[in-house]
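Numbering (our numbering), first residue to last: 20 to 104.
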């Protein structure tokens, strides 16, 4: 979880290509490995929201939207994060 939560802080040091090829797939992998943990889901969603500016349209459509479709919205905290507060 520490690695996911630190990404928004150090994001300016990475190029757009690194974000798409390295950070986004690893973020998705973290979600898939621990998708049931609400704290981890919130950390993943926070990370994804910060890296959206560095992604092109195709990356958002191909990788971010399917991830958002997989997120379980039963928890109120997760629902609030997805809806953007």
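Where a beta carbon is used, it is the ideal one built from N, C-alpha and C, also for glycine.
Could you give the DSSP three-state label for residue i: helix, strand or coil?
i, result
"residue 91", "coil"
"residue 64", "helix"
"residue 74", "coil"
"residue 36", "helix"
"residue 56", "coil"
Which residues mark the beginning and the end of the alpha helix (DSSP H) in which residue i is found?
i, result
"residue 45", "43-52"
"residue 23", "21-29"
Answer with buried or exposed for residue i, where buried requires no fewer than 16 other C-beta atoms within 10 angstroms of its C-beta.
i, result
"residue 76", "exposed"
"residue 62", "buried"
"residue 43", "buried"
"residue 95", "exposed"
"residue 74", "buried"
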